[in-house]
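The structure under discussion appears below in the form of structure tokens.
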Ligand SMILES: [Zn+2]
Ligand SMILES: [Zn+2]
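Residue numbers (the numbering used here): 14 to 251.
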């Protein structure tokens, strides 16, 4: 049995819950959870904001842990290895999207907290290909967000072939945006943060922004027109 915390109703409190995960499938791994972040999507699922939540539900999809068990066909991971698990806990491994490395588009994808129990637990299971080995030297207590918020804002740099000479802006300096600023700074880009909060402007500079623009100031926004190679919007509003 796996011990976890589950929500039993929409907007409900998380309470102790145990479930039987069944036999470990050949391509799966079981992870002993060390740390797990909280993402806004956990709250959306908890509150049934998207209309398809099913309870009891074990949330948590920014998991850091160690491999506890390996399925019989998993050969690229080892028991005891430190790994991360994000939004996706599995994909079919055989469709056109999976075969070209776009597993996130797989129509048979298994999501970590939808119809599957997540990381607010002692253990969590996932298809081995969804698990990322964490290199030595990463602070494990704070690594969890890299696997959801982090990959979400890192992906555009690859998708749009962003070069270190590019000028990139980030709208919204929250869970995703604060990681985007750090990645872009490390990538070498000239980074601009759009935020409506004066306090966050200073913080944005500390995180790697070269410039900051008040997103509530129409003149500042107008003045910045056509000056970016890419704008990453992390806000959930128009
Ligand atoms: Zn998330
Ligand atoms: Zn697939």
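No residue lacks a Cβ here, since even glycine has one placed at the ideal position from N, Cα and C. As the structure is a computational prediction, the values presented were derived from the model and not from experiment.
Three-way DSSP call (helix, strand, coil) for residue 173 in this model:
As a working mapping, residue 173 is identified with position 160 in the chain shown. Assigned with DSSP and collapsed to three states, residue 173 falls in coil, not helix or strand.
Over what stretch of residues does the alpha helix (DSSP H) that includes residue 195 continue unbroken?
Mapped onto the chain shown, residue 195 falls at position 182. 190-200 is the span of the alpha helix (DSSP H), which, as asked, contains residue 195.
Rounded Cβ spacing between residue 103 and residue 137 (contact assumed at less than 8 Å):
As a first step, residue 103 must be located in the chain shown, where it is residue number 90. As a first step, residue 137 must be located in the chain shown, where it is residue number 124. In this structure residue 103 does not touch residue 137 by the C-beta definition: roughly 12 Å separates them, more than the 8 Å allowed.
Is the segment 166-179 touching the segment 120-137, taking contact as three or more C-beta pairs under 8 Å?
Output reads no: the segment 120-137 does not touch the segment 166-179.
What does a CB cutoff of less than 7 Å around residue 133 pick up in its chain, not counting 5 residues either side in sequence?
Counting from 1 along the chain shown, the entry for residue 133 is found at position 120. Within the same chain, residue 133 has close Cβ partners 17, 18, 27, 49, 71, 72 and 73.
Can you tell me whether residue 220 is helix, strand or coil according to DSSP?
One-based indexing of the chain shown puts residue 220 at position 207. Annotated three-state conformation of residue 220 is helix, per DSSP.
Is the beta carbon of residue 44 less than 8 Å from the beta carbon of residue 96?
Locating residue 44 in the chain shown gives position 31, counting from the first residue. Locating residue 96 in the chain shown gives position 83, counting from the first residue. Contact check for residue 44 against residue 96 passes: the beta carbons are separated by less than 8 Å.
Is any non-hydrogen atom of ligand 2 found closer than 7 Å to the C-beta of residue 106, if you look at the structure I gave you?
In the chain shown, counting from the first residue as 1, residue 106 sits at position 93. Inclusion of residue 106 in the 7 Å shell around ligand 2 follows from its C-beta lying nearer than that to a non-hydrogen atom of the ligand.
For residue 153, which of 194, 105 and 77 has the nearest alpha-carbon?
The residue labelled residue 153 in the question sits at position 140 within the chain shown. Residue 153 has its Cα closest to that of 77, out of 194, 105 and 77.
Ligand 1 and residue 63: does the residue's C-beta get closer than 7 Å to at least one heavy atom of that ligand?
Walking along the chain shown from the start, residue 63 turns up at place 50. No, the beta carbon of residue 63 sits no closer than 7 Å to any heavy atom of ligand 1.
Relative to the C-alpha of residue 14, which candidate in 35, 218 and 25 has its C-alpha closest?
In the chain shown, the residue the question calls residue 14 occupies position 1. When C-alpha distances from residue 14 are compared across 35, 218 and 25, the shortest belongs to 35.
Residues in its own chain within less than 8 Å of residue 156 by CB, not counting five upstream and five downstream?
Along the chain shown, one-based indexing puts residue 156 at 143. Within the same chain, residue 156 has close Cβ partners 48, 77, 97 and 147.
Residue range of the unbroken beta strand (DSSP E) whose run includes residue 112
Along the chain shown, read from residue 1 onward, the residue named residue 112 stands at position 99. Residue 112 -> not in any beta strand (DSSP E); alpha helix (DSSP H) instead, spanning 109-112.
Less than 8 Å separating the beta-carbons of residue 204 and residue 192?
Within the chain shown, numbered from 1, the residue matching residue 204 stands at position 191. Within the chain shown, numbered from 1, the residue matching residue 192 stands at position 179. In this structure, residue 204 keeps its C-beta atom at 8 Å or more from the C-beta atom of residue 192.
My understanding is that residue 215 touches residue 208, with C-beta atoms under 8 Å, so please give their C-beta distance in whole angstroms.
Counting from one through the chain shown, the residue named residue 215 turns up at place 202. Counting from one through the chain shown, the residue named residue 208 turns up at place 195. With 8 Å as the limit, residue 215 and residue 208 do not qualify as a contact, their Cβ atoms being about 10 Å apart.
Proximity test, residue 119 beta-carbon vs ligand 2 heavy atom, cut-off 7 Å
By 1-based counting over the chain shown, the position of residue 119 is 106. Residue 119 Cβ: within cutoff of ligand 2.
Using a Cβ cut-off of 8 Å (strictly closer), state whether residue 218 contacts chain C.
Of the chains in the structure shown, none is chain C; there is only one protein chain.
Do residue 162 and residue 188 count as a contact pair if the criterion is CB distance below 8 Å?
In the chain shown, residue 188 corresponds to position 175, counting from 1. In the chain shown, residue 162 corresponds to position 149, counting from 1. Yes, these two residues count as a Cβ contact at 8 Å.
With distances taken between CB atoms, is the gap from residue 145 to residue 184 smaller than 8 Å?
Start at 1 with the first residue of the chain shown, and residue 145 comes out as number 132. Start at 1 with the first residue of the chain shown, and residue 184 comes out as number 171. Going by C-beta atoms, residue 145 is not nearer than 8 Å to residue 184.
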